[in-house]
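Some notes on the structure that comes next.
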Amino acid sequence: MQRTTIVVLKVLIAGLLALLLICQIFVVPAVAAQSAIRYSEIAYFEVPGTIVGILFLLCVQVVLVCVWRLLSLVREDSIFSDSAFPDVDVSLAAVAFATLLVLIALVALSFTGFMTPSITLLLLLGVVVGAGLSLLIVVLRGLLRKASQLEADLSEVV
Numbered sequence: 001m002q003r004t005t006i007v008v009l010k011v012l013i014a015g016l017l018a019l020l021l022i023c024q025i026f027v028v029p030a031v032a033a034q035s036a037i038r039y040s041e042i043a044y045f046e047v048p049g050t051i052v053g054i055l056f057l058l059c060v061q062v063v064l065v066c067v068w069r070l071l072s073l074v075r076e077d078s079i080f081s082d083s084a085f086p087d088v089d090v091s092l093a094a095v096a097f098a099t100l101l102v103l104i105a106l107v108a109l110s111f112t113g114f115m116t117p118s119i120t121l122l123l124l125l126g127v128v129v130g131a132g133l134s135l136l137i138v139v140l141r142g143l144l145r146k147a148s149q150l151e152a153d154l155s156e157v158v
């Protein structure tokens, strides 16, 4: 991968991390507070909703940091080494945890009787996408394992 591409990707990741931090500090609490005022029937979800929203964005930040580290390994031409696996494993855990958070939100809101079809659809979509991403990371991790083994075998031959 070209050095320029990696630098541009890292700049974009840094920007996303900053925007997500702003959302965690300002946007999520403000939206939760406004929702508690607008929908007083479920105002008791303000604090748990804020916590879940902040944790979800934290999961996204963790994945972005892992991608940053993997890009560094690509730049150093050592992506097919054992040092890549912790970042892939942490990414998998973060995506799985984010999916669990969405599932918990779906279940919790289902018991309120306040679920609209659009909220239900969005939360179900979040669970399906999260599960799909988790499975995709598992497959990609297997491919990385195979490529790492092939690289090690090739270096022994040469």
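Just so we're aligned: 23 in UniProt numbering is position 23 of the sequence shown, and the numbers increase by one with no gaps anywhere. Where a beta carbon is used, it is the ideal one built from N, C-alpha and C, also for glycine.
Neighbour-count burial assignment, Leu87, 16 or more Cβ in a 10 Å radius: Translated into the one-based positions of the sequence shown, residue 87 becomes position 87. According to the sequence displayed, residue 87 carries Asp and not Leu. Buried, because 16 or more other Cβ atoms sit within 10 Å of the Cβ of Asp87.
Rounded C-alpha distance that separates residue 209 from Leu16: The structure shown does not extend to residue 209, since the chain spans only 1 to 158, so no value can be given for it.
Neighbourhood of Ser148 by C-beta distance below 6 Å, restricted to the same chain and skipping five residues each side: In the sequence shown, residue 148 corresponds to position 148, counting from 1. So the list reads Phe80, once near-sequence residues are dropped.
First and last residue of the uninterrupted alpha helix (DSSP H) at Phe85: By 1-based counting over the sequence shown, the position of residue 85 is 85. Where Phe85 is concerned, the enclosing alpha helix (DSSP H) stretches over Phe85 to Ser110.
Nearest-angstrom Cβ-Cβ length linking residue 160 and Ala43, presumed shorter than 8 Å: For the chain, the structure presents residues 1 to 158; residue 160 sits outside this window and is missing.
From Val102, Thr50 and Thr116, residue whose alpha carbon lies closest to that of Val129: Here the question's residue 129 lines up with position 129 in the sequence shown. Measuring from the Cα of Val129, the nearest candidate turns out to be Val102.
Expected contact under 8 Å - CB spacing of Gly53 and Val74 to nearest Å: Your numbering for residue 53 matches position 53 in the sequence shown. Your numbering for residue 74 matches position 74 in the sequence shown. The Cβ separation is near 32 Å, so there is no contact.
Supposed close pair Phe97, Cys59 - CB separation, criterion 8 Å: Counting from one through the sequence shown, the residue named residue 97 turns up at place 97. Counting from one through the sequence shown, the residue named residue 59 turns up at place 59. Between Cys59 and Phe97 the Cβ distance is about 6 Å, and since that is below 8 Å, they are a contact.
Cα-Cα separation, Asp89 to Val95: Locating residue 89 in the sequence shown gives position 89, counting from the first residue. Locating residue 95 in the sequence shown gives position 95, counting from the first residue. Asp89 and Val95: Cα-Cα distance of roughly 10 Å.
Member of Gly49, Val8 and Ala105 whose CA lies at the smallest distance from the CA of Leu121: Position 121 of the sequence shown, counting from 1, holds the residue named residue 121. Looking at the Cα atoms, Ala105 is the closest of the given residues.
Neighbour-count burial assignment, Val63, 16 or more Cβ in a 10 Å radius: The residue you call residue 63 lines up with position 63 of the sequence shown. Flag for Val63 reads buried.
Residue closest to Leu71, alpha-carbon to alpha-carbon, out of Leu143, Lys10 and Leu136: The residue labelled residue 71 in the question sits at position 71 within the sequence shown. Cα-wise, what sits closest to Leu71 is Lys10.
Straight-line gap, Pro48 to Leu100 (C-alpha atoms, nearest Å): For this step, residue 48 is matched to residue 48 along the sequence shown. For this step, residue 100 is matched to residue 100 along the sequence shown. Their Cα atoms are separated by approximately 14 Å.
Inter-residue Cα distance where the pair is Leu55 and Lys146: Residue 55 sits at position 55 when you count from the first residue of the sequence shown. Residue 146 sits at position 146 when you count from the first residue of the sequence shown. Their Cα atoms are separated by approximately 33 Å.
Three-state class that DSSP yields for Tyr44 in the structure shown: Position 44 of the sequence shown, counted from the first residue, corresponds to residue 44. Correct three-state label for Tyr44: helix.
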